[in-house]
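Under the UniProt record's numbering, the letters of the sequence shown match residues 1 to 111, in that order. Yeah, the Cβ is synthetic: ideal placement off N, Cα and C, and Gly gets one too. Working notes, beginning with the structure itself.
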Amino acid sequence: MSRDFTPYLRDGLAAAPEQFARSTCFEAGHLTSVNAGWRSVRPVIDAAQCTLCLSCYLYCPDGTIFKVRDEEGTLASLAVDYDFCKGCGVCAKVCPVPCIAMVDEQEGGAA
Ligand code: SF4
Ligand code: SF4
């Protein structure tokens, strides 16, 4: 029985099913490029108050807080990847200072 490849050609897919890998080994990739559209509040770090203790960095369940280093490679500050932060507030809860404010998404906040 011959296969109709018209849908694959019409929708612009590069390969028909017969051309996909037949094992469970696939080239690594990612599912999304942004995952934060439903966040209602966002964490804003007050860098002037931050002691660089890294608690927020370690406790963020999504790993969206990252280290910013200066030209010598020394840890200079912490920043939030707002493309993936879900606004759960764990970082603000564990910050011992505290110097992370959860700001209403509608109000903007520092991006
Ligand atoms: S609000 Fe939640 S997801 Fe966003 S940086 Fe803080 S701990 Fe991570
Ligand atoms: S938990 Fe607070 S003080 Fe510690 S690194 Fe994060 S923002 Fe800075």
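Subject >> Below-9 Å beta-carbon distance, residue 100 vs any chain C residue >> reply: The structure shown has no chain C; it contains just one protein chain.
Subject >> Enclosing beta strand (DSSP E) for residue 92 [first to last residue] >> reply: Against the sequence shown, residue 92 aligns to sequence position 92. That residue, residue 92, is in no beta strand (DSSP E); its alpha helix (DSSP H) goes 90 to 94.
**OP:** Have a look at 100, 84 and 106 and flag the residue whose alpha-carbon is nearest the alpha-carbon of residue 53.
**Re:** Position 53 of the sequence shown holds residue 53. Scanning 100, 84 and 106 for the CA closest to the CA of residue 53 turns up 100.
**OP:** Kindly indicate which residue of 65, 66 and 76 has the alpha-carbon position closest to the one of residue 51.
**Re:** Here residue 51 corresponds to residue number 51 of the sequence shown, with the count starting at 1. Ranking 65, 66 and 76 by Cα distance to residue 51 puts 76 first.
Original post:
Measuring CB to CB, does residue 128 end up less than 9 Å from residue 42?
Top reply: As shown, the chain starts at 1 and ends at 111. That puts residue 128 outside it, with no answer to give.
**OP:** Starting from the C-beta of residue 105, find all residues in its chain whose C-beta is less than 8 Å away, skip the five residues before and the five after it, and write them out in chain order.
**Re:** In the sequence shown, counting from the first residue as 1, residue 105 sits at position 105. Only 39, 40, 41, 42 and 87 meet the Cβ criterion.
Original post:
Cβ atoms of residue 84 and residue 34: under 9 Å apart, would you say?
Top reply: Within the sequence shown, the letter at position 34 stands for residue 34. Within the sequence shown, the letter at position 84 stands for residue 84. In this structure, residue 84 lies closer than 9 Å to residue 34 by Cβ.
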